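Enquirer: Quick one: the structure is below, and I'll ask about it shortly.
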Amino acid sequence: MAGTMRAERFHADTKTIAVEDVPIPKPGPGEVLVKVEFCGICHSDLSLIDGTFPALLPVVTQGHEASGTIAKLGAGVTGWSEGDRVVPSAGRPCFACRNCRRGDLTNCLNIQLMAFAYDGAWAEYTVAQAGGLTRIPDNVSFEQAAILADAVSTPFGAVVRTGKVGVGETVGVWGVGGVGTHIVQLARLVGAVPVIAFDINPVVRERALELGADYAFDSRDEDLKEKVAEATGGRMLDVAFDAAGLKVTFEQALDCLTVGGRLVAVGLSAQEASVGTTAQFGLSQKQVLGHLGYKNVDIETLAELVSRGRLDLSRSISEIVPLEDVAKGIEKLENHEGNPIRILVKP
Ligand SMILES: [Zn+2]
Ligand SMILES: [Zn+2]
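In C-alpha cells form, the structure reads like this:
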C-alpha cells in the first residue's frame, strides 16, 4: 500500500495541530495496518496539546481510542485476516524490560502509549501490534467499539480491578463525564447498590440518573454528607471513585467513605490533595488507591457485554466530527459544549 493519507499532526514546538498529508505507514513484523473507522477524543489528548503531559516526539498523530478493519498484515502475523474488524490496544509493551521478559506484558516498565510514543489514529490508517488487537463482535458498531479502548475500559479497570466493587456495596462517583458515566454503568452492572453520582452540572446529573445512578447530588450541596448518609441508610460509601481528580473532589470523596472504605483516584490533574492527619487516616482505616488503565483482555470482556446487551453504550457517542474538523471536536470537549461523553473523529 503506497501513497499518502490524511492525518492529524501535533507539533510539540508550537503546541499546534494540523491535518496534513503523510505517507501511509507500513506494518512491520508482528504488526498490522488498520484502516481507521472511528477514533475518540480523550482528555489526555487535550493534555498533550496544552502541555500538561510532556511531548515525547516532536511530531505525532494523536488519537488512541480507535476501531477499524485490518488493511494489511505485516510479516509473521497469524490468526488475523484483511477485513477483520478490530480495536487496537492503546499501548504497546517494550518486550525488553524485566517484566516483559518474564511474560508480564501488562506491567511493562517502559510501556509505550499510542498517540504519545507512536502515531495514533486520528488518521485514515494506523499501525498496531497484532498481539494487542481485539476482535469486534458482528453486532457491535464501529462507533461503540472505538471507545472500548479507554473511555470504557479504564472505568472497567477502576471498578473491577482497583476498586474490586462487590455486590451490594455502596458506591459514589465524582464527575460524571466521559469516564464517570461508564463507572456508574459498570458499578451498577457488578451489583453496587445504591450508586450515587456527584456533579455540579444539573444536565449531567439528570443523565447519570437515566444511565443507572440511583441518586445524583450536587457536590457543592452544604448538606451533602447528610444526603449520602440518608441514601445509604447511614452506612456511607464502601467505594468512592474520583473521576475529576481535583483537590475538592478527592477530599470530598474520601470524607464520604465509611470506616475501611476505598477511594479510587481515577481523574488526573496537577492539583495536590490531602488525606488529613496521619492519626485520622489510620483510625479511619480508609484506603486510597491510585488507578490507571486496564488489561488488554478487558476490551474483549466489554465487547462481549455490549454484544450480549448487558452494557448499553448507545448514549456514549455524543457527536461525530470529520477528521478535517478534529480541531472543532477538541474545542467542544475542552469547553464541555453539549456535555459530551465521547466525541468521535471519522477519517
Ligand atoms: Zn484516553
Ligand atoms: Zn516492557
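Numbering of the sequence shown is given in my numbering, commencing with residue 1 and proceeding in unit increments.
Note that CB positions come from ideal geometry on N, CA and C, so glycine has one too.
Quick caveat, the model's predicted, so the values are computed rather than measured.
Is Ala96 near ligand 2 - that is, is its Cβ less than 8 Å away from at least one heavy atom of it?
Expert: Counting from one through the sequence shown, the residue named residue 96 turns up at place 96. Yes, the Cβ of Ala96 comes within 8 Å of a heavy atom of ligand 2.
Enquirer: Between which residues of its own chain and Asp300 is the CB-CB distance below 6 Å, once the five residues before and five after are set aside?
Expert: As a first step, residue 300 must be located in the sequence shown, where it is residue number 300. It should be noted that the sequence gives Glu, not Asp, for residue 300. Counting only Cβ-Cβ distances below 6 Å, and skipping sequence neighbours, we find Thr134.
Enquirer: Taking the C-alpha atoms as reference points, what is the distance between Pro340 and Gly40?
Expert: Translated into positions along the sequence shown, residue 340 becomes position 340. Translated into positions along the sequence shown, residue 40 becomes position 40. Each residue's alpha carbon lies about 11 Å from the other.
Enquirer: Taking 8 Å as the cut-off, does the CB of Ser318 come closer than this to any heavy atom belonging to ligand 1?
Expert: Taking the sequence shown and counting its residues from 1, the one referred to as residue 318 is at position 318. No; taking the cut-off as 8 Å, the Cβ of Ser318 has no heavy atom of ligand 1 nearer than that.
Enquirer: Is the number of C-beta pairs between the stretch 29 to 38 and the stretch 72 to 79 that are closer than 8 Å three or more?
Expert: Contact between the stretch 29 to 38 and the stretch 72 to 79 is present, because at least three Cβ pairs lie under 8 Å.
Enquirer: Reducing DSSP to helix, strand and coil, say where Pro93 ends up.
Expert: For this step, residue 93 is matched to residue 93 along the sequence shown. If DSSP states are grouped into helix, strand and coil, Pro93 belongs with coil.
Enquirer: Can you say whether Glu230 is buried or exposed, counting buried as having 16 or more other CB atoms within 10 angstroms of its CB?
Expert: Along the sequence shown, read from residue 1 onward, the residue named residue 230 stands at position 230. The residue is exposed, with fewer than 16 neighbouring Cβ atoms inside 10 Å.
Enquirer: With DSSP run on the structure shown, which of helix, strand or coil describes Gly76?
Expert: One-based indexing of the sequence shown puts residue 76 at position 76. If DSSP states are grouped into helix, strand and coil, Gly76 belongs with coil.
Enquirer: Is Ala90 close to ligand 1? I mean its beta-carbon at under 8 Å from any heavy atom of the ligand.
Expert: Translated into the one-based positions of the sequence shown, residue 90 becomes position 90. Result yes, Cβ under 8 Å from ligand 1.
Enquirer: Counting only runs of 3+ residues fully inside the stretch 221 to 282, write out the beta strand (DSSP E) ranges in chain order.
Expert: You should have 237 to 242 and 257 to 265.
Enquirer: Quick check on the DSSP output: the beta strand (DSSP E) that includes Phe198 runs from which residue to which?
Expert: Residue mapping note: residue 198 aligns to position 198 of the sequence shown, counting from 1. Element bounds for Phe198: Val195 to Phe198.
Enquirer: Report all residues from its chain with a CB closer than 7 Å to the CB of Leu46; omit the five preceding and five following residues, and keep chain order.
Expert: Looking up residue 46 in the sequence shown gives position 46. Within the same chain, Leu46 has close Cβ partners Ile330, Leu333 and Glu334.
Enquirer: Could you pull out every unbroken alpha helix (DSSP H) segment of at least 4 residues lying fully inside the stretch 300 to 334, listed in chain order?
Expert: The qualifying runs are 326 to 334.
Enquirer: Between which two residues does the alpha helix (DSSP H) harbouring Ala146 extend?
Expert: Taking the sequence shown and counting its residues from 1, the one referred to as residue 146 is at position 146. It spans Phe142 to Ile147 - the alpha helix (DSSP H) in which Ala146 sits, taken as one unbroken run.
Enquirer: Is Ala117 near ligand 1, going by C-beta to nearest heavy atom under 8 Å?
Expert: If you number the sequence shown from 1, residue 117 lands on position 117. No.
Enquirer: Is His64 near ligand 1, with its Cβ less than 8 Å from a heavy atom?
Expert: On the sequence shown, residue 64 is found 64 positions in, with the first residue counted as 1. Result yes, Cβ under 8 Å from ligand 1.
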